[in-house]
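Asks: Before I ask anything, here is the structure I am working with.
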Amino acid sequence: MTRLILLGVAFVSAAGLAFEITLTRLFAIAQGYHFGFLAVSLALLGFGASGTALAVRPSLAHGCTDEITERLAYLALSFSLGLIVSYLAINYLPFDAYRIAWEPIQLLYLVLYYLALTAPFFLGGLTLGLPLAALPAPKTARVYAANLAGSGLGCIIALGSITLFDVTGAVMVAALLAGFGALVFSRHATIKYLTIGVLAVLGMLLLARPAFFDLRLSPYKSLSQTLRIPDARVVSNAWNAHSQVQVVESSTVRSAPGLSLTYRGTMPVQRALFVDAESISPLTDDAPHDLLDRLPPTLAYQLRPNARVLIIEPGGGLEVLAALNAGTREIVVLVNNPLMAQAMQMWAPHVFGDPRVQIIVANPRGYLARSHERFDVVHLALGDAFHPVTAGAYSLGENYLFTREAFADYLEHLDTEGILVVHRWLQLPPAEEARAAALAIAALEREAPEEHLVALRSFSTMLLLVKRTPFIAREIETARRFADTYQFDWVASPGVRAEETNRFNVLQENEYARVFHLLLDPHWRVQLFASHPYDITPTSDDRPFFFHFFRWEQAPQVVQLLGKLWQPFGGSGFLILVALLGLSLVLSSGLIVLPLLALRVESGHSQPLVYFACLGIGFLLIEIPLIQRFILLLDQPVYAFATVLFTLLITSGIGSYFSARLSLRATLIGLVVIAIALPGLLPLVFQRVIGEAFSVRLIISIILLAPLGFLMGIPFPQGLARLKDHAPHLISLAWGINGFASVISSILATLGAMSFGFSAVLLAGAGAYAMALFTFPASMARTKLP
Numbered sequence: 000m001t002r003l004i005l006l007g008v009a010f011v012s013a014a015g016l017a018f019e020i021t022l023t024r025l026f027a028i029a030q031g032y033h034f035g036f037l038a039v040s041l042a043l044l045g046f047g048a049s050g051t052a053l054a055v056r057p058s059l060a061h062g063c064t065d066e067i068t069e070r071l072a073y074l075a076l077s078f079s080l081g082l083i084v085s086y087l088a089i090n091y092l093p094f095d096a097y098r099i100a101w102e103p104i105q106l107l108y109l110v111l112y113y114l115a116l117t118a119p120f121f122l123g124g125l126t127l128g129l130p131l132a133a134l135p136a137p138k139t140a141r142v143y144a145a146n147l148a149g150s151g152l153g154c155i156i157a158l159g160s161i162t163l164f165d166v167t168g169a170v171m172v173a174a175l176l177a178g179f180g181a182l183v184f185s186r187h188a189t190i191k192y193l194t195i196g197v198l199a200v201l202g203m204l205l206l207a208r209p210a211f212f213d214l215r216l217s218p219y220k221s222l223s224q225t226l227r228i229p230d231a232r233v234v235s236n237a238w239n240a241h242s243q244v245q246v247v248e249s250s251t252v253r254s255a256p257g258l259s260l261t262y263r264g265t266m267p268v269q270r271a272l273f274v275d276a277e278s279i280s281p282l283t284d285d286a287p288h289d290l291l292d293r294l295p296p297t298l299a300y301q302l303r304p305n306a307r308v309l310i311i312e313p314g315g316g317l318e319v320l321a322a323l324n325a326g327t328r329e330i331v332v333l334v335n336n337p338l339m340a341q342a343m344q345m346w347a348p349h350v351f352g353d354p355r356v357q358i359i360v361a362n363p364r365g366y367l368a369r370s371h372e373r374f375d376v377v378h379l380a381l382g383d384a385f386h387p388v389t390a391g392a393y394s395l396g397e398n399y400l401f402t403r404e405a406f407a408d409y410l411e412h413l414d415t416e417g418i419l420v421v422h423r424w425l426q427l428p429p430a431e432e433a434r435a436a437a438l439a440i441a442a443l444e445r446e447a448p449e450e451h452l453v454a455l456r457s458f459s460t461m462l463l464l465v466k467r468t469p470f471i472a473r474e475i476e477t478a479r480r481f482a483d484t485y486q487f488d489w490v491a492s493p494g495v496r497a498e499e500t501n502r503f504n505v506l507q508e509n510e511y512a513r514v515f516h517l518l519l520d521p522h523w524r525v526q527l528f529a530s531h532p533y534d535i536t537p538t539s540d541d542r543p544f545f546f547h548f549f550r551w552e553q554a555p556q557v558v559q560l561l562g563k564l565w566q567p568f569g570g571s572g573f574l575i576l577v578a579l580l581g582l583s584l585v586l587s588s589g590l591i592v593l594p595l596l597a598l599r600v601e602s603g604h605s606q607p608l609v610y611f612a613c614l615g616i617g618f619l620l621i622e623i624p625l626i627q628r629f630i631l632l633l634d635q636p637v638y639a640f641a642t643v644l645f646t647l648l649i650t651s652g653i654g655s656y657f658s659a660r661l662s663l664r665a666t667l668i669g670l671v672v673i674a675i676a677l678p679g680l681l682p683l684v685f686q687r688v689i690g691e692a693f694s695v696r697l698i699i700s701i702i703l704l705a706p707l708g709f710l711m712g713i714p715f716p717q718g719l720a721r722l723k724d725h726a727p728h729l730i731s732l733a734w735g736i737n738g739f740a741s742v743i744s745s746i747l748a749t750l751g752a753m754s755f756g757f758s759a760v761l762l763a764g765a766g767a768y769a770m771a772l773f774t775f776p777a778s779m780a781r782t783k784l785p
């Protein structure tokens with residue numbers, strides 16, 4: 000019977016993690032990438048609430064084995080149905096993050112959204128917490144191990160189901176897993192036949208889904224806006240585990256970022272390329288020569304005729320077409336997403352089928368690490384659509400192409416006189432273009448960077464040209480003729496005079512020239528970073544949030560303008576985290592304090608509960624930054640999410656299984672030491688292996704994470720076993736407090752990473768485990784485990 004309970008627990012755990020990973024993809028598509036982190040917080044809140052419920056109603060864990068398994072069967076079946084109901088609820092709730100600033104009712108919708116997703120995790124948590132509270136101490140570790148092992152398998156199942164179906168299909172698969180758990184628990188005919196019926200219906204829904212199950216997008220997503228155009232239609236739709244790539248045809252798709260206003264000709268026929276319902280760039284298979292000559296990056300090919308070129312993430316390929324038009328002899332195109340590469344080759348065959356073009360599907364950082372090639376031009380293309388910095392929608396997104404280390408790689412792969420080209424959108428005040436320049440300056444490591452950088456702006460974009468050696472007079476003169484001919488404005492260049500700037504696209508305040516002048520001066524640069532309205536300091540692999548420009552000094556202005564302007568600040572993603580932290584604190588504190596008061600916990604028993612809170616905080620302060628850090632090594636967020644969770648959960652399950660034989664004190668000391676060592680160890684390992692094949696990187700990731708996961712699986716079951724001997728009535732409350740602490744730390748980990756970097760968060764996690772070491776009561780620590 001116990002084995003069946005363990006199998007059922009594994010199924011339910013797999014369902015919970017599969018749904019959690021699916022939610023990260025669902026949020027990225029329906030609302031925006033910055034909502035993806037919510038999946039972890041919601042799961043932990045639901046699981047924590049289940050512990051509180053079991054603490055308030057301990058009678059749920061009383062009874063014979065048959066009674067316990069029958070309750071588990073009904074709970075698992077409710078969890079299965081709850082996943083479907085929860086998905087439909089959030090799909091049809093009119094919540095939209097973009098309207099929170101001026102529609103107070105959106106706050107109510109946010110709470111309902113939050114609770115609708117917490118509810119199924121609450122049911123899943125009851126299913127997992129009940130055996131922990133009901134079974135004797137020797138079997139507690141096995142239940143916890145089955146929970147962790149099933150959760151790890153759920154990571155793999157989620158990736159496979161998203162790839163085979165889509166996110167809606169993956170929700171169905173998660174519900175099926177929970178249903179199978181209910182079937183394993185079922186001992187009586189009624190619940191068994193009911194479960195079989197539910198499984199049959201779920202299977203049919205998976206194979207033939209009705210239209211009302213289709214994922215609904217925010218009306219402010221780029222794809223939603225485009226499909227409102229009368230003749231717009233989706234001509235291609237493809238899924239893989241980490242993206243949805245769509246191509247849309249419409250007579251209104253016309254885009255050439257940075258195009259000179261001197262162009263008077265017709266625009267080429269184009270199609271719009273979308274990734275996760277956000278516009279990336281126009282797919283262009285042909286364009287007039289006059290148009291291509293007037294694109295800012297063409298300057299680089301005038302300076303380096305007949306060049307060998309590396310173009311990184313070109314989006315729809317307009318900049319590849321411009322390079323071909325300029326007479327380059329060879330172009331290597333790096334694209335990280337195979338679905339994007341397929342779309343480019345299918346819808347722009349003349350560009351990507353040109354014999355001079357070689358398209359390589361690879362992580363650009365990994366390709367550069369294993370390649371010793373040198374190029375005349377390395378072009379970091381403008382592969383994404385314009386997003387106002389005031390929206391802040393991408394502030395939570397990790398971007399390892401725009402870090403100090405990445406720019407150093409680009410410069411390293413240039414020939415002696417090669418040119419790095421960076422094309423970015425204009426923002427006002429300067430933000431992404433200023434940060435890109437700051438990255439180039441930091442990577443150059445020159446005392447006089449003004450000799451190595453040329454910047455000019457069009458009506459909408461900024462072009463940066465960077466050399467390891469100084470620009471010479473002939474190159475500057477060529478650039479000057481290009482700018483004058485096509486009416487681009489100088490921003491920075493060796494020897495540029497103030498009167499040469501701001502001549503064509505005239506601004507009332509010559510802000511770009513001023514900011515670049517300060518950036519290029521080592522003395523004034525530090526003061527600029529401190530006084531600029533946005534945070535434009537160079538990003539790093541330890542803090543790779545290129546689009547996170549929010550500064551806390553903006554907070555008063557944000558409060559003042561709420562409800563008056565549509566997008567009044569540049570940190571919406573960041574401040575949504577702060578708002579959700581507040582919401583989580585309210586819900587978590589209420590559900591912890593009230594049971595504590597109801598149970599009248601004695602002061603001597605509060606110390607072990609602090610221990611379980613420290614474990615919840617420490618686990619997430621280590622897990623979350625590791626997920627974000629491993630994106631660099633594993634190419635995609637969902638791969639990093641699944642790999643880190645899979646490894647930590649599986650190895651934690653193994654550690655839990657053997658926890659009774661190991662020293663708790665030595666385990667906690669080991670965790671503290673490893674967490675302190677990781678910030679220095681990971682960059683060294685990543686630098687050596689990032690250029691290896693994906694399978695090798697995956698194996699190395701598992702090897703790096705496995706010892707940590709093994710140790711992380713020991714303190715919780717050991718604490719439960721000892722608590723069961725001293726205060727068994729607090730078992731469920733300890734489970735709940737651990738969950739609630741995890742909720743808070745999951746959000747704090749993300750906030751901390753954005754503000755201070757991954758290393759700082761890992762060190763904070765080490766501190767939490769150190770605190771656990773000192774808060775576990777000595778009397779309980781001396782207790783021998785059975």
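Be aware that the sequence shown starts at 0, since it is given in numbering that gives the first Met the number 0, and climbs by one per residue. Where is the CB? At the ideal position from N, CA and C, for every residue including glycine. Just so it is clear, the structure is predicted and the values come from calculations on it, not from any experiment.
1) Do threonine 642 and leucine 648 have their C-beta atoms closer together than 8 Å?
2) Just the Cα atoms here: how many angstroms apart are glutamate 431 and isoleucine 4?
3) Leaving out five residues on either side along the sequence, give the residues of the same chain with a beta carbon under 8 Å from the beta carbon of arginine 445.
4) Quick check on the DSSP output: what are the complete beta strand (DSSP E) runs of length 3 or more inside the stretch 354-397, in order along the chain?
5) From this set, Thr21, Val585, Phe544 and Gly764, which residue's C-alpha is nearest phenylalanine 401's C-alpha?
6) Considering just the uninterrupted stretch of the beta strand (DSSP E) at methionine 461, what are its terminal residues?
7) Going by C-alpha to C-alpha distance, which of Phe26, Ala54 and Ala48 sits closest to valine 585?
8) Leaving out five residues on either side along the sequence, give the residues of the same chain with a beta carbon under 8 Å from the beta carbon of alanine 237.
9) Use the C-beta contact count for cysteine 154: other C-beta atoms within 10 angstroms, 16 or more gives buried, fewer gives exposed.
10) Do alanine 276 and valine 420 count as a contact pair if the criterion is CB distance below 8 Å?
11) Quick check on DSSP: helix, strand or coil for valine 505?
12) Would you give the residue range spanned by the beta strand (DSSP E) that aspartate 289 belongs to?
13) On the premise that phenylalanine 739 lies in contact with tyrosine 610, defined as a C-beta separation below 8 Å, what is that separation, rounded to the nearest angstrom?
14) For the stretch 155-170 against the stretch 655-672, are there 3 or more C-beta pairs whose distance is under 8 Å?
15) For glycine 180, which residues in the same chain have their Cβ closer than 6 Å to its Cβ, ignoring the five residues on either side in sequence?
16) List the endpoints of the continuous beta strand (DSSP E) containing aspartate 488.
17) With DSSP as the reference, please indicate the residues paired to arginine 806 in a beta bridge.
18) For the stretch 249-265 against the stretch 275-295, are there 3 or more C-beta pairs whose distance is under 8 Å?
19) Report the three-state DSSP secondary structure of glutamine 531 (helix, strand or coil).
20) Within 8 Å, do at least three Cβ pairs link the stretch 216-228 to the stretch 189-196?
21) Please go through the same chain and pick out, in chain order, the residues whose beta-carbon is closer than 8 Å to the beta-carbon of tyrosine 91, but skip the five residues on each side of it.
22) Kindly list the residues whose CB is nearer than 6 Å to the CB of glycine 314, restricted to its own chain and excluding five residues on each side of it in sequence; keep chain order.
23) Does the Cβ-Cβ distance between alanine 478 and valine 453 come in under 8 Å?
24) Count the other CB atoms within 10 Å of the CB of aspartate 65; is the residue buried (16 or more) or exposed (fewer)?
25) Do you know offhand how far alanine 692's Cα is from asparagine 362's?
26) So the beta strand (DSSP E) proline 281 belongs to, where does it begin and stop?
27) Going by other Cβ atoms of all chains shown within 10 Å of its Cβ, with 16 needed for buried, is glycine 168 buried or exposed?
28) Thinking C-alpha only, which one of Glu411, Gly196, Tyr108 and Pro57 is nearest leucine 787?
29) Excluding the 5 residues flanking valine 577 on each side, which residues of the same chain have their C-beta closer than 8 Å to its C-beta?
30) Determine the contact status of leucine 152 and glycine 712, defining contact as a CB-CB distance below 8 Å.
31) For the structure I just gave you, are there three or more beta carbon pairs, one from the stretch 353-369 and one from the stretch 492-501, closer than 8 Å?
32) If you check the beta carbons only, do leucine 455 and proline 682 fall under 8 Å apart?
33) Please list, in chain order, all residues of the same chain as glutamate 312 whose beta carbon is under 8 Å from its beta carbon, the five residues on each side excluded.
34) In the DSSP assignment, find the beta strand (DSSP E) that holds asparagine 324 and state where it starts and stops.
35) With a 10 Å radius around its C-beta and 16 neighbouring C-beta atoms as the bar for buried, classify tryptophan 551 as buried or exposed.
36) For histidine 141 and serine 655, I'd like the C-alpha separation in whole angstroms.
Replies: Taking the structure as given:
1) no
2) 54 Å
3) His451
4) 356-360 and 374-379
5) Phe544
6) 460-466
7) Ala48
8) Gln243, Val244, Gln245, Leu338, Gln341 and Ala342
9) buried
10) no
11) coil
12) First-last for aspartate 289: 288-292, but that is the alpha helix (DSSP H), not the beta strand (DSSP E).
13) Incorrect: roughly 14 Å between the Cβ atoms, too far for contact.
14) no
15) Gly7, Phe10, Val11 and Ala75
16) 488-491
17) The structure shown does not extend to residue 806, since the chain is modelled only from 0 through 785, so no value can be given for it.
18) yes
19) Just to set this straight, residue 531 is histidine in the shown sequence, not glutamine. Of the three classes helix, strand and coil, the one that applies to histidine 531 here is coil, per DSSP.
20) no
21) Arg215
22) Ile279, Ser280 and Gly382
23) yes
24) exposed
25) 10 Å
26) 277-283
27) buried
28) Because the chain spans 0 through 785 in this model, residue 787 falls outside it and cannot be assessed.
29) Leu750
30) no
31) no
32) no
33) Leu333, Val334, Asn335, Pro363, Leu379, Ala380, Gly382 and Leu400
34) No beta strand (DSSP E) contains asparagine 324, which is instead part of the alpha helix (DSSP H) from 317-324.
35) exposed
36) Residue 141 is actually arginine in this sequence, not histidine. Whole-angstrom Cα-Cα distance: 7 Å.
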